[in-house]
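Here's the structure, in C-alpha cells; my notes come after.
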Amino acid sequence: MSFRMILRVFLTVFLCLRASGQGGGELRFSIRNDPKTFDPLLAEDEASGTVRYLTGATLIRIDRKTQKFAPELAESWRILAGGTSIVFKLRQGILFSDGTPFSSDDVAYTFRRMTDPKMHSPVGDSFRGGPGEIKTLVQGPAQVTVTFPAAIAGVESLFDQLTIVSSHSPKKELATLGPFVLGEHKPGSHVLFRRNPNYWKKDATGRRLPYLDSVRADIQQNGDLELLRFKRGEVHMIDTLDPELFDRLWAGSPGETRNAGASLESEMLWFNQVSGAPLPAHKKAWFRSKDFRRAFSSAINRSDLCRLAFKGHADQAAGPISGANRLWANAKLAPHVYDPKAALARLHRDGFRLEKGTLRDRQGNAVEFSLTTNSGNKARSRMAALVQQDLAKIGIRLNVVPLDLPSLIERITRTHDYEACLLGLVNVDLDPNSQMNVWLSSAANHPWNPKQKTPETAWEAEIDRLMRAQSSALDPKKRKAAFDRVQEIVWEEAPILYLVNKHALSAVSRRVLNVSPVSLWPRLYWNPEYLRVTNQVAQSR
Amino acid sequence: MTTAGKSAGVLLFAIVAASLAAGYLAPASYETQFRESPNASPCRQFPLGTDELGRDRLARLLYGSRVSLLLAPAAAALSVALSALIGITAGYAGGWLERAAMAAADLFVSLPWLFLLLTVRALLPLNVTPWASILITFLLLGALSWAPGARVIRSGAAALKHSEFALLARASGCPGPRLLWKHILPNLRPLMAAQFWIAIPMFILSEANLGMLGLGIAEPLPSWGGLLAEIQDPGRIAGNPVLLAPAILLTVFLSCFQFVFSKGDR
C-alpha cells in the first residue's frame with residue numbers, strides 16, 4: 000500500500016469520525032462549592048445535587064423540558080390502593096457502573112436505607128407522609144411494590160430525587176446507574192466525572208450514551224471569575240448568570256447567552272404579622288390590615304423593578320407560583336396593577352390619611368417602618384431603593400436596612416424583631432406538596448406568622464384546609480383546583496407580595512452541542528447523556 | 000508651606016467646599032430617580048451621567064462627599080477622646096488598672112473589626128432613618144477604634160507621669176486631676192492630634208469597605224463607600240469610566256490630606 004493510499008484512508012476515517020461528531024470530549028463548568036456528600040440519599044446542597052444528577056438514575060424522572068414524568072429505570076408504574084401503593088415494572092439487563100446487575104432488590108434496599116432513621120436522609124423525609132413504615136415488596140427481579148403508610152398525592156414527583164443505590168456492590172453508593180461515575184475529587188479544585196461504560200441508554204442510532212468522555216466541575220465561588228474563564232474557553236457553560244454578567248456577555252458574544260424565560264425564582268416582600276413580635280401595636284395593626292397590604296402592593300411599580308433592578312431580565316410576578324411551573328401556576332392571576340391613586344383610595348377607606356406628604360393612621364401615627372433585606376445582593380438593593388421611592392409617593396417612609404444573612408435569618412425565624420422583609424425564594428420542586436412547610440399556618444417556615452397553634456385568620460384556616468385537601472387528593476384535577484384556590488387567596492389577601500420572577504439566564508459555548516436550556520434546575524445539563532463538546536464551533540442552533 | 004503643599008490645601012478646601020455646597024452645585028436631588036434615563040452617559044442635564052436607577056451621579060458624589068467628610072472627623076474625634084480617656088487613665092494610674100485597660104486594648108485590636116461591626120450593627124434597632132444610620136455607622140467606627148490610640152497615649156502618659164515637671168508639680172501639692180488636666184494632657188496634645196489625623200482617612204476607608212459589602216450608609220443616602228461599590232464590577236468601567244469618579248476623588252482627597260497634615264505634624 001502506497002503512502003498516498005495510507006494517507007487517504009487515514010483522512011477518510013478522520014473525516015468520517017469528525018462528520019459523525021462522535022468524538023467524546025470533556026465538558027467543563029463550575030459549581031460554587033465542594034459537594035458535602037457523594038451519597039445521593041444525603042444530598043442537600045446544590046453541589047451534591049449536581050453529583051447526584053450526573054451520576055445517579057431514578058425510577059421516574061421529571062423531564063425538564065416537558066415538565067412531565069418520564070420513565071427511567073422503571074419501564075412503567077401503577078398507583079394502587081387509593082394512592083398508598085405504587086407498583087414499578089423495572090427495565091431488565093441494566094448494569095451498575097461496576098458491572099453488578101440492577102434488580103428490584105436494589106430498589107428495596109434503597110428504600111430501606113433511605114428510611115433508616117440513623118441516615119437522616121432529606122429525601123426520606125419527603126416520602127414520610129405520616130406515621131408508619133414504608134414497605135417494599137419484591138415480586139421477582141423486575142417488579143417491586145412500595146407501600147406508604149398514608150396516601151401521597153403526586154408521589155411520582157418525589158421519585159425524581161430518589162437515586163437508586165446498589166444493594167450488593169462492593170463500591171456501595173459509588174456504583175452508579177447514571178451516565179457518569181465519580182472519577183476524582185480534589186477539594187477546593189474540581190470534581191471529575193468519567194463516562195459510565197455500562198450506562199443503559201442508547202441514542203436513535205443504537206450508540207451507547209453518554210457522548211461525553213468526562214465532565215469536570217471546577218469549584219469557583221466568584222461569578223466574575225467564572226465569566227472570565229468562560230470567555231477564555233476554560234469552562235463551556237454557566238448554568239446561572241445574574242443580569243449584570245448576562246448583559247456583559249451579551250455585549251461581547253450574544254450568541255453564547257441563553258435566556259429560557261421566567262424561572263422558578265421569585266422576589267417577594269412580606270410584613271411581620273407575628274402576634275408576639277416586639278413591635279408597637281399600631282404597626283401590627285397596619286401589617287394585619289388587608290387593605291394596607293394590598294395598597295402597598297398596588298403602589299409598587301413592578302414593571303420598573305423588572306426593567307431597572309433586573310435590566311429587563313425578569314417578569315412581573317402574580318403569585319406564589321411562577322409561570323415557569325406550567326402544571327401548577329394559576330394562569331388566571333395577573334400581577335397587582337400599579338396604581339398609586341387606587342392605593343391611596345384604599346388606604347383612605349382603611350382610615351389612613353395623607354397629610355403634607357406623610358401618610359398617617361387613625362391615631363395620627365406617621366406610617367414609617369423598616370424594610371430589611373440581605374446585604375451584598377445588588378439586584379435586591381436596587382429593588383429596595385425603587386420600592387422606597389414608590390412608597391414615598393403615597394406618603395409611606397420606608398427605611399431600608401441591609402443586614403448580613405445570618406442576622407436576618409435570626410430575626411425573621413427566631414426573634415421576629417423586624418417589620419418587613421425583602422427576600423428571594425427558589426421553588427426547586429414543582430409539586431405543591433413541597434410547599435406544605437410554607438403555607439400551613441402551623442409550619443415553621445410560614446413567613447409572615449409561623450408556628451400558629453390554630454390559624455389566626457379565617458383565610459389562613461382556608462389555606463390550611465385546601466393544602467391538606469390537595470395533599471391527600473389523588474385526582475390531579477382536584478389537586479389543581481385546590482392549589483389554584485390557595486394561590487387566589489394569597490393574591491387576594493397579600494400576606495406575601497410577589498414582585499418579580501427572575502429569568503433563567505445562562506451561557507453556553509458554541510462548542511457544546513445538544514444544549515436545550517430550560518427554566519428548571521439544572522438549566523443546561525439536564526440531559527447530560529446527550530451533550531457533546533466538539534473542537535468545531537457550532538454555526539447555528 | 001511649599002507651593003505643592005499650598006496646592007494640596009487649595010484642592011482639599013475645594014473638595015470640602017463643593018461637598019458643603021452640594022445643594023447649590025448639584026443639578027438634582029441625590030435621591031430623585033429619573034427612571035426613564037438609567038445609566039445615562041454624561042450630558043448637560045447629568046454632567047456625570049446617571050446610575051442604574053437614573054439618579055444623578057454628580058449629585059450623589061457631592062452629597063456622598065459631604066456625608067463622608069463631615070462624619071469621618073466626628074468619628075475620629077470620638078475615637079481619640081475614648082483613646083485619651085482610657086490611655087491617660089491607664090498610664091497615670093498604673094498597676095492593675097493599666098494592665099486591665101491594656102488587656103482590653105489588646106483584645107479590641109485582635110478582634111476582626113469587620114465582624115465586630117457586623118455583629119454590633121445587627122443588634123441595633125432596625126427602624127432608623129438614613130441619617131440615623133449614618134450616625135450609627137460612624138459612631139460604631141469611632142467607638143470600636145479606640146484601642147490602638149489608647150496604647151500610644153498610655154505610653155506617653157506613663158512617660159510624662161515620671162517626668163521632672165510632673166514630679167515638681169506633685170511635690171508642690173498639685174492634686175491628681177489638676178496635674179492631669181493642666182500638665183499631662185497639654186503635653187499629650189500633639190500625640191492625640193496625630194491620632195486624629197490618622198483616624199480620618201482610616202474611617203473614610205472603613206465606611207467605604209462597609210459600603211462595598213452593602214452594609215454602610217442606608218439607601219437612598221449616598222456615601223463614598225456606597226458609590227465605590229459600583230466599581231466592584233470591573234467590566235463596567237471600560238464602558239463607563241465615570242464610575243471611577245468617586246475612587247479618584249477619594250484618592251485625591253486622601254493624598255492631599257496626608258500631604259497637608261502630615262507636613263504639619265512634622
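Residue numbers (numbering that gives the first Met the number 0), protein chains in the order written: chain C, 0 to 540; chain U, 0 to 265.
From the three backbone atoms N, C-alpha and C, an ideal C-beta is built for every residue, glycine too.
Quick one: give me the first and last residue of the beta strand (DSSP E) that C:Met466 is part of. Per DSSP, C:Met466 lies in no beta strand (DSSP E) segment; the continuous alpha helix (DSSP H) that holds it begins and ends at 457-471.
Please classify C:Gly20: is it buried, with 16 or more other beta-carbons within 10 angstroms of its beta-carbon, or exposed? Low local confidence applies: a pLDDT of 45 at C:Gly20 is under 50, so the model's placement there is unreliable, with the coordinate-based value given in what follows. Exposed, by the Cβ-count rule.
Within 7 Å of any Cβ in chain U, is that where the Cβ of C:Glu255 sits? No, no contact with chain U.
Whether or not the region 120-128 of chain C and the region 219-237 of chain C are in contact is what I'm after, with contact meaning three or more pairs of Cβ atoms, one per stretch, closer than 8 Å; do they touch? Not touching, per the Cβ criterion.
Using CA coordinates, which residue listed in C:Ala330, C:Asn324, C:Pro334 is at the minimum distance from C:Gln315? Closest by alpha carbon: C:Pro334.
Every unbroken alpha helix (DSSP H) within the region 138-163 of chain U, with a cutoff of 4 residues, ordered by chain: Segments of the alpha helix (DSSP H) lying fully in the region 138-163 of chain U: 145-160.
Do C:Leu58 and C:Phe147 have their C-beta atoms within less than 7 Å of each other? Cβ atoms of C:Leu58 and C:Phe147: not closer than 7 Å.
Residues of chain U with CB closer than 8 Å to the CB of C:Ser369, please, in chain order. Residues of chain U passing the Cβ test: Leu125, Asn126, Val127.
Is it right to say C:Ile408 is buried, meaning 16 or more other beta carbons lie within 10 angstroms of its own, or is it exposed? It is exposed - the Cβ of C:Ile408 has fewer than 16 other Cβ atoms within 10 Å.
How many whole angstroms separate the CB atoms of C:Ala73 and C:Leu89, which I take to be in contact at a CB cut-off of 8 Å? That pair is a contact at about 6 Å.
Any beta-carbon of chain U closer than 7 Å to the one on C:Ala384? Taking Cβ atoms only, chain U reaches closer than 7 Å to C:Ala384, which makes this a yes.
Measure how close the beta-carbons of U:Gly90 and U:Ser154 come, nearest whole angstrom, since I'm counting them as under 8 Å. The C-beta distance from U:Gly90 to U:Ser154 rounds to 7 Å, short enough to fall under 8 Å.
Quick one: complete beta strand (DSSP E) runs, 3+ long, within the region 92-138 of chain C? For the region 92-138 of chain C, whole beta strand (DSSP E) runs of length 3 or above, ordered along the chain, are 134-137.
Same chain, Cβ closer than 8 Å to C:Lys134, neighbours up to 5 away in sequence not counted: Result list for C:Lys134: Val145, Thr146, in chain order.
Assuming C:Pro527 contacts C:Pro196 (C-beta within less than 8 Å), just tell me the rounded distance between them. Actually they do not touch by this definition, with Cβ atoms about 15 Å apart.
Could you have a look at C:Ala558 and say whether DSSP puts it in helix, strand or coil? In the structure as shown, chain C starts at 0 and stops at 540, and residue 558 of chain C therefore has no counterpart that could be examined.
Please list, in chain order, the chain U residues whose beta carbon lies closer than 8 Å to that of C:Tyr417. Simply Leu125.
Please report the distance separating the alpha-carbon of C:Gly322 from that of U:Leu253. Between the C-alpha atoms of C:Gly322 and U:Leu253 there is a straight-line separation of about 52 Å.
Residues of chain C with CB closer than 9 Å to the CB of U:Asp232, please, in chain order. Residues of chain C passing the Cβ test: Asp223, Glu243, Leu244, Arg247, Lys377.
Cutoff 7 Å; reference C:Ile544; Cβ partners in own chain excluding five residues on either side: This structure cannot speak to residue 544 of chain C, because chain C is shown only from 0 to 540.
In chain U, which residues lie with their C-beta within 8 Å of the C-beta of C:Asn398? C:Asn398 reaches chain U at Leu125, Asn126, Val127, Thr128, Pro129, Ser132, Ala217, counting residues in chain order whose Cβ is nearer than 8 Å.
Buried or exposed, going by whether 16 or more other CB atoms sit within 10 Å of the CB of C:Ser252? Exposed, because fewer than 16 other Cβ atoms sit within 10 Å of the Cβ of C:Ser252.
Cα-Cα separation between C:Gly55 and C:Lys67, rounded to whole angstroms: Roughly 19 Å separates the two Cα atoms.
Kindly list, in the order they appear in chain U, the residues whose Cβ is closer than 8 Å to that of C:Arg301. Under the 8 Å cutoff, chain U gives no residues; its nearest Cβ is about 13 Å from C:Arg301.
8 Å contact criterion, which U:Ser18 and U:Ser64 should meet: CB distance rounded: Sure, about 4 Å apart at Cβ, within 8 Å.
Is it buried or exposed for C:Leu445, if we count other Cβ within 10 angstroms and need 16 for buried? Checking the displayed sequence, the identity of residue 445 of chain C turns out to be His instead of Leu. Here C:His445 is buried, its C-beta having at least 16 other C-beta atoms within 10 Å.
Unbroken alpha helix (DSSP H) runs of length 4 or more, entirely within the region 317-389 of chain C: which are they? Uninterrupted alpha helix (DSSP H) stretches at least 4 residues long and entirely within the region 317-389 of chain C occur at 339-348, given in chain order.
Which residue marks the beginning of the alpha helix (DSSP H) containing C:Arg51, and which one marks its end? Element bounds for C:Arg51: 45-54.
Am I right that C:His235 and C:Val511 are in contact with their C-beta atoms under 8 Å? What's the rounded C-beta distance? Contact holds; Cβ gap of about 5 Å.
Can a CB atom of chain C be found closer than 7 Å to the CB of U:Pro245? Not one chain C Cβ lies under 7 Å of U:Pro245.
Are the region 162-175 of chain C and the region 99-118 of chain C touching by the rule of at least three beta carbon pairs closer than 8 Å? These segments touch.
For C:Val485, tell me which candidate among C:Ala328, C:Val180, C:His347 has the shortest Cα-Cα distance. Of C:Ala328, C:Val180, C:His347, the residue nearest in Cα terms is C:Ala328.
Would U:Ala158 count as contacting chain C if we go by Cβ distances under 7 Å? Residue-level contact check: U:Ala158 does not touch chain C, since none of the beta carbons of chain C fall below 7 Å from its beta carbon.
On the CB-based measure, 16 or more other CB atoms within 10 Å of its CB, does C:Glu183 come out buried or exposed? Within 10 angstroms of the beta-carbon of C:Glu183 lie fewer than 16 other beta-carbons, which makes it exposed.
Please confirm if U:Leu248 has its CB atom under 7 Å from at least one CB of chain C. It does not: the Cβ of U:Leu248 has no partner Cβ on chain C nearer than 7 Å.
So, with DSSP's three-state summary, where would you put C:Phe37? Reduced to three states, the DSSP call for C:Phe37 is coil.
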